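Read the structure below first, then the notes.
Protein chains: 2
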Amino acid sequence: MRATIMHAPGDVRVEDRDKPAVRQPTDAVIKLVAACVCGSDLWPYRGADKISKPAPMGHEYVGIVEEVGAGVRNVRPGQFVVGSFFASDNTCDICRSGYQSACVHRQGVGGAQAEYMRVPLADGTLVATPGMPDAAKVPSLLAASDVLGTGWFAAKAAEVGPGKTVAVVGDGAVGLLGVLAAQQMGAERIIAMSRHADRQALAREFGATDIVEERGDEGVKKIKELTGGLGAHSVLEAVGTQESMLQAIHATRAGGHVGFVGVSHDVALPGRDLFYSHVHLHGGPAPVRQYLPELIDLILGGTINPGKVFDLELPLEQAADAYKAMDERRAIKVLLRP
Amino acid sequence: MRATIMHAPGDVRVEDRDKPAVRQPTDAVIKLVAACVCGSDLWPYRGADKISKPAPMGHEYVGIVEEVGAGVRNVRPGQFVVGSFFASDNTCDICRSGYQSACVHRQGVGGAQAEYMRVPLADGTLVATPGMPDAAKVPSLLAASDVLGTGWFAAKAAEVGPGKTVAVVGDGAVGLLGVLAAQQMGAERIIAMSRHADRQALAREFGATDIVEERGDEGVKKIKELTGGLGAHSVLEAVGTQESMLQAIHATRAGGHVGFVGVSHDVALPGRDLFYSHVHLHGGPAPVRQYLPELIDLILGGTINPGKVFDLELPLEQAADAYKAMDERRAIKVLLRP
Chain A
25 MRATIMHAPG DVRVEDRDKP AVRQPTDAVI KLVAACVCGS DLWPYRGADK ISKPAPMGHE
85 YVGIVEEVGA GVRNVRPGQF VVGSFFASDN TCDICRSGYQ SACVHRQGVG GAQAEYMRVP
145 LADGTLVATP GMPDAAKVPS LLAASDVLGT GWFAAKAAEV GPGKTVAVVG DGAVGLLGVL
205 AAQQMGAERI IAMSRHADRQ ALAREFGATD IVEERGDEGV KKIKELTGGL GAHSVLEAVG
265 TQESMLQAIH ATRAGGHVGF VGVSHDVALP GRDLFYSHVH LHGGPAPVRQ YLPELIDLIL
325 GGTINPGKVF DLELPLEQAA DAYKAMDERR AIKVLLRP
Chain B
25 MRATIMHAPG DVRVEDRDKP AVRQPTDAVI KLVAACVCGS DLWPYRGADK ISKPAPMGHE
85 YVGIVEEVGA GVRNVRPGQF VVGSFFASDN TCDICRSGYQ SACVHRQGVG GAQAEYMRVP
145 LADGTLVATP GMPDAAKVPS LLAASDVLGT GWFAAKAAEV GPGKTVAVVG DGAVGLLGVL
205 AAQQMGAERI IAMSRHADRQ ALAREFGATD IVEERGDEGV KKIKELTGGL GAHSVLEAVG
265 TQESMLQAIH ATRAGGHVGF VGVSHDVALP GRDLFYSHVH LHGGPAPVRQ YLPELIDLIL
325 GGTINPGKVF DLELPLEQAA DAYKAMDERR AIKVLLRP
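Those sequence lines, one after another, are chains A and B.
Here the working numbering is used: the first residue of the first sequence is 25, the next is one more, and so on.
Here the working numbering is used: the first residue of the second sequence is 25, the next is one more, and so on.
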């Protein structure tokens, strides 16, 4: 089969690989319908994360179940499934408390930018749609498997709710879908921080009521101006840098909540800032599995259309171009079709 | 009047100072009945905080109202009052959300280790007891003004509740009263981290079900062993160092809560630790004012006896000995009588 492999920073190739097989009785093998490039894939692409050996890429996926192990009960061959980027048993204490991405049997899921992939712990990781979805819904279902689920978790972690003012740091797909999540959760006001016209437009479409173009301390000042000097009730952080984390913390009012989902890179939070800010801080890899049933319902029912974050679609064979387009910020997010 | 002044690390003196007067219409002047030395007073005493000029010390207090400004409505001369260490208006949006220690008109309160003190924003800062309390209740009421209120906030911030396993990092007065708070809030199991027999005994009296003597990574390992490998649901941090913060974060299960109230010193939290720990982090200077009415009720009703943390009582004139006893850990907490 064909699969996307990262050999070194900037060096992504689509190559022949063995088709994966069921190895454990809890595995499933799926034939991918669509996959995509993640903002977090750009960290190694840009050399910010080490690549020790050629790495099969991709962890966002929808597909058709091809084969399941003898122990799999919840999905069967022929079903359309949406998965999450950590495999989880969905039965341990941690999963049952809603943190499937910290499951005691957690396993990474990888190699989704390919024709086929193996998904461990299939029963606790995959969610089948009721019947075969329309082709038009595929991008949105694909978004649910990571960026939507992650934006959703950020909004939950930031305790977004009716009557609240929400600010979103980061205008990538996750930040934009954080805006959508905040809107769905009833936020009164949603401030998107972005300096790109196309992303601003999508943020507004997803529910943003205000746009702030400033960053860092200037951005914080602007948020305070918009909130009577107090800061936002809820701030979603979807970047993962020191600047974005401090921007989020400082833009939050005392007693407010920061939901952070940007994969943390070289961040060291000063204790005093945290102590005197009086914010609640919560985040990490999103427990997407928790939200999949609800998100799939919202998508299939036509309530939300998160697939709009895909502004470029390419055949799998052009995966290298997909990385390039995202790296150069020519595309918000690229969908790949095997 | 006599007042305690810190001139330099290790140099605490009781000296003559002008008796404070009402300056603003919202001020009250109180005659102190009791004050005490705080764990946070030891930071400058040990040279960890700078002392730029001679500093009047003390921010924990109970007393009798001597005089009030023309605008004060809620307390009157002759009343016994308990105060908090930040003055707050108790009417702004931040106060009404429960964060009086981040009041938009917040002012520090100081100079309580003295005969008299001025309390700004008296209406929003002081709470009068119903009638004159028994002398036996004074230490507990004094504890409410900081260490109990702070331990209480740590437990609230860590979302302690029925059925939960709680760990407490720090065996000073705040940590010990965090144990008491956790017990009052219905925790199923309370693990106190302490290696001092006298503090362990008091922790058990306050409700600790387990004691862990190990610190750092060893302490974390022990907490995991006691919690099926998962970590505690709620961890209270009452020290303020890098080691204690990481100990608290690592001892908390995914999805659990850390309540941190130790005044942060040289702490820089690694973003990746926070990100992958999946904990909720919340803390800061405790909004003691929020809890005072409830705590006063519990104390006067005889439900709790937090005054037990005072294991040494000295006349104000011996304030220097009080600091020395706490610095050398010969006393958990010293009560001063003017």
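Note that the Cβ used here is the ideal one computed from N, Cα and C, for glycine as well.
The structure displayed is predicted, hence computed values, not measured ones.
{"query": "Cβ distance (whole Å) where B:A181 is taken to contact B:G283 below 8 angstroms", "result": "3 angstroms"}
{"query": "Neighbouring residues, chain A, relative to B:H302 (Cβ below 7 angstroms)", "result": "Y123, A126 and G308"}
{"query": "Proximal chain A residues relative to B:V236, where beta-carbon distance stays under 7 angstroms", "result": "Neighbours of B:V236 on chain A: none; closest Cβ ~21 angstroms, over 7 angstroms."}
{"query": "CB contact check: A:V287 to chain B, cutoff 8 angstroms", "result": "yes"}
{"query": "Members of the stretch 268-286 of chain A near chain B, C-beta cut-off 8 angstroms", "result": "M269, R277, A278, G279 and F284"}
{"query": "DSSP-derived helix/strand/coil call for A:Q207", "result": "helix"}
{"query": "Beta-bridge pairing of A:A79 - partner residues as DSSP gives them", "result": "A:M30"}
{"query": "Proximal residues of chain A, C-beta to C-beta of B:G199 below 8 angstroms", "result": "Chain A residues near B:G199: none, gap ~17 angstroms exceeds 8 angstroms."}
{"query": "Pair within 8 angstroms by beta-carbon distance, A:G185 and A:M209", "result": "yes"}
{"query": "A:L260: contacting residues in chain B (beta-carbon distance under 8 angstroms)", "result": "Near A:L260 there are no residues of chain B at all, since even the closest Cβ is about 15 angstroms away, more than 8 angstroms."}
{"query": "Reference A:S164; option with closest CA among A:A111, A:E39, A:V193 and A:A58", "result": "A:A58"}
{"query": "Touch test, the stretch 90-99 of chain B against the stretch 49-63 of chain B, Cβ-Cβ under 8 angstroms, three pairs minimum", "result": "yes"}
{"query": "Neighbouring residues, chain B, relative to A:F104 (Cβ below 9 angstroms)", "result": "Residues of chain B passing the Cβ test: none, with the nearest at roughly 30 angstroms."}
{"query": "Within-8 angstroms CB hit, B:P44 to chain A", "result": "no"}
{"query": "Beta carbon proximity, B:F109 to chain A, threshold 8 angstroms", "result": "no"}
{"query": "Supposed contact pair B:S268 and B:V193 - C-beta distance, whole angstroms, cut 8 angstroms", "result": "5 angstroms"}
{"query": "Contact the stretch 188-206 of chain B vs the stretch 252-272 of chain B: 3+ CB pairs below 8 angstroms", "result": "yes"}
{"query": "Alpha-carbon to alpha-carbon, B:I328 and B:F177", "result": "16 angstroms"}
{"query": "Straight-line gap, B:A111 to B:L145 (C-alpha atoms, nearest Å)", "result": "6 angstroms"}
{"query": "Selected residue, minimal CA-CA separation from A:A74, among A:H289, A:P311, A:P362 and A:P339", "result": "Here residue 74 of chain A turns out to be Lys, not Ala, going by the sequence shown. Cα-wise, what sits closest to A:K74 is A:H289."}
{"query": "Residue(s) in a DSSP beta bridge with B:L260", "result": "B:V192 and B:G283"}
{"query": "C-beta neighbour in chain A for B:I118, strict 8 angstroms", "result": "yes"}
{"query": "Three-state secondary structure (DSSP) of B:C119", "result": "helix"}
{"query": "Residues bridged to B:H306 [DSSP beta-bridge criterion]", "result": "A:H304 and B:G283"}
{"query": "Reduced DSSP secondary structure (H/G/I, E/B, other) of B:R277", "result": "strand"}
{"query": "Within chain A, partners of B:G132 - CB distance below 8 angstroms", "result": "The contacting residues do not exist; B:G132 stays about 12 angstroms from chain A at best."}
{"query": "Reduced DSSP secondary structure (H/G/I, E/B, other) of A:P294", "result": "strand"}
{"query": "Cα-Cα separation, B:A205 to A:D113", "result": "35 angstroms"}
{"query": "Listed by chain order, chain B residues near A:R228 by CB distance under 9 angstroms", "result": "Residues of chain B passing the Cβ test: none, with the nearest at roughly 27 angstroms."}
{"query": "One or two residues paired with A:V151 in a DSSP bridge", "result": "A:V106"}
{"query": "Test item: CB-CB of A:L56 and A:A138 under 8 angstroms", "result": "yes"}
{"query": "Cross-chain neighbours of B:F299 in chain E, by beta carbon under 9 angstroms", "result": "Checking the listed chains, one finds no chain E in this structure; the protein chains it contains are A and B."}
{"query": "DSSP bridge partner residues for A:R142 (one or two, in chain order)", "result": "A:V53"}
{"query": "Exposure label - A:A27; buried when at least 16 CB within 10 Å", "result": "buried"}
{"query": "Close Cβ partners of A:C116 (< 8 angstroms) along its chain, the five nearest in sequence each way excluded", "result": "C127, V128 and H129"}
{"query": "Span of the alpha helix (DSSP H) around A:R313", "result": "V312 to L324"}
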